[in-house]
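Quick note, the sequences are listed as chains A and B, same order.
Quick note: the first sequence uses the numbering used here, first residue 7, plus one each step.
Quick note: the second sequence uses the numbering used here, first residue 601, plus one each step.
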Amino acid sequence: ARSTRVGGRNPELAGQAAWVATEKVNAELFTLTYGALVRQVLHDCEDRVVEANKKLDEMGHAMGCRLVEDFLAKTNARKCLSFKESAETVALVGFKMFLNLECSLENWNDDETQCDVRFEHLDPFTAFVEVPDRYKSGDDEQSKLKYCQVLCGAARGALESVGVRVECHFVKDALVGDPSEGFVMRLEFMENVEDEYPFED
Amino acid sequence: STCRISCVLLTPHDARRARAMQRQGQTPSIVDRPLPKGRSEVSLSAFSFLFSELVQYHRTRASSIAELEQKLSEAGEGVGSRMLEVLAHREKSNRREIRLQGILQFINTNVWRCLFGKVADSLEIYNDDEYVLGDKSLVVNRYISVPKDLGDLNCGAFAAGGGKGVLRDA
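Below is the structure:
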């Protein structure tokens with residue numbers, strides 16, 4: 007694949023260029039494979055939604071840690087100098103080049119450590135999907151199935167791999183909540199993680 | 601299960617009804633919404649990482665290579681049976697294939713082309729009652745390398761399961 011510079015701080019352009027350059031497969035293959043995975047996890051957790059959500063997040067985290075290498079190889083990205091740049095890189099370049107997802111960053115707080123990522127759609131995950139009532143009833147948000155949690159886990163894992171620890175979860179999830187509110191993911195900066203050396207020197 | 605595909609024939613009338621419901625503030629259920637056209641894509645990387653995670657997940661739970669392949673095949677069955685519904689509506693005008701040759705051709709051509717971007721390389725009769733669908737380079741195996749301790753595991757079992765799912769539900 008041709009490498010594309012994430013330069014000039016135009017992440018949308020970089021994301022679009024990386025998407026054009028990447029090899030692609032039918033999204034329905036992805037969607038149905040992911041659905042098979044979620045069904046299997048729910049089955050193995052015996053319908054314990056909290057446990058299933060955690061498992062999906064862990065799997066996303068593992069994927070994120072691995073795909074960051076692919077990302078760096080394909081985009082030749084330079085080091086991000088602020089959390090804002092990191093968030094834009096993940097959302098506008100990363101989500102675009104891997105999943106062709108369009109999103110926008112909004113609701114930044116004053117010290118730019120927290121934002122919302124608003125998605126037009128999450129079709130690669132949610133096309134064909136309707137979450138049964140037993141996974142989305144109840145007042146407690148934690149007891150609802152977080153169908154797209156791997157995406158949060160992946161963002162978290164990828165950022166952690168480059169030394170940024172974040173919290174990431176959906177604050178609006180059209181599959182279990184109000185469909186007209188769409189999908190909104192919250193990204194919150196926690197801390198920078200220094201490289202750990204395995205021995206004292 | 602958390603994946604359902606509409607069996608209802610979706611006409612322009614249904615699409616208009618779904619939009620009218622949205623305007624009235626009612627959410628159309630998934631069977632009222634128009635069926636996706638199937639032209640959207642994701643990166644091969646994204647699929648490969650997802651598939652790899654699926655294999656890893658089952659690897660920790662399976663007690664043998666055969667069981668791992670069986671689990672992958674079952675996952676594939678879910679994909680195949682749903683693709684049958686989608687493609688039967690989209691590409692075959694809801695005509696059911698009732699002959700074995702017909703459904704095998706359907707898998708060889710329509711299903712493979714939709715899921716993997718190309719028709720399968722060959723469809724042959726092996727013995728009197730065995731058919732062999734050949735594919736020289738399975739997309740699912742593209743970035744899979746099997747470690748020695750997993751012997752002759754073939755993650756293509758997932759694709760095989762896809763075919764099985766179509767046949768089972770046809």
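Ideal Cβ positions, reconstructed from N, Cα and C, are used throughout, including at glycine.
Quantities reported herein were computed from a predicted structural model and do not represent experimental measurements.
- request: With 7 Å as the limit, tell me which residues of the segment 636 to 650 of chain B have their beta carbon closer than that to any beta carbon of chain A; keep them in chain order.
  value: Answer in chain order: 636, 638, 640, 641, 642, 643, 644, 645, 646, 647, 649, 650.
- prompt: Hey, is residue 39 of chain A's beta-carbon within less than 8 Å of any beta-carbon in chain B?
  reply: Yes, its Cβ sits closer than 8 Å to a Cβ of chain B.
field: Beta-carbon neighbours of residue 653 of chain B, restricted to chain A and to distances below 7 Å
entry: Residues of chain A passing the Cβ test: 65, 68, 69.
- prompt: Mind listing which residues of the segment 757 to 769 of chain B have their C-beta closer than 7 Å to chain E's C-betas, in chain order?
  reply: Annotation note: the requested chain E is absent from the structure, which comprises protein chains A and B.
message: Please report whether the beta-carbon of residue 690 of chain B lies at a distance below 8 Å from any beta-carbon of chain A.
response: False, the Cβ-Cβ gap to chain A never drops below 8 Å.
query: Would you report the Cα separation of residue 15 of chain A and residue 754 of chain B, rounded to the nearest angstrom?
result: Taken atom to atom, the span from the alpha-carbon of residue 15 of chain A to that of residue 754 of chain B is near 44 Å.
- prompt: Should the segment 50 to 64 of chain A be called in touch with the segment 120 to 131 of chain A, which here means at least 3 C-beta pairs below 8 Å?
  reply: Touching, no.
- prompt: According to the neighbour-count rule (16 or more other Cβ atoms, all chains shown, within 10 Å of its Cβ), is residue 736 of chain B buried or exposed?
  reply: Counting Cβ neighbours within 10 Å, residue 736 of chain B comes out exposed, since fewer than 16 surround it.
query: In chain order, what residues of the same chain have a beta carbon less than 7 Å from the beta carbon of residue 710 of chain B, not counting five sequence neighbours either side?
result: 687, 691.
query: For residue 690 of chain B, which of helix, strand or coil comes out of DSSP?
result: Helix.
- request: Could you run through the segment 124 to 143 of chain A and flag, in chain order, every residue whose CB is less than 8 Å away from some CB of chain B?
  value: Those residues of the segment 124 to 143 of chain A placed with their C-beta closer than 8 Å to a C-beta in chain B are 129, 130, 133, 134, 135, 136, 137, 138, 141, ordered along the chain.
- request: Pick out whichever of B/635, B/669, B/644 has its Cα sitting closest to the Cα of residue 656 of chain B.
  value: Checking every option, the nearest Cα to that of residue 656 of chain B belongs to B/669.
message: Helix, strand or coil, according to DSSP, for residue 105 of chain A in the structure here?
response: Reduced to three states, the DSSP call for residue 105 of chain A is helix.
- prompt: Hey, would you say residue 163 of chain A sits closer than 8 Å to residue 69 of chain A, going by beta carbons?
  reply: By the CB criterion at 8 Å, residue 163 of chain A and residue 69 of chain A fall inside the cutoff.
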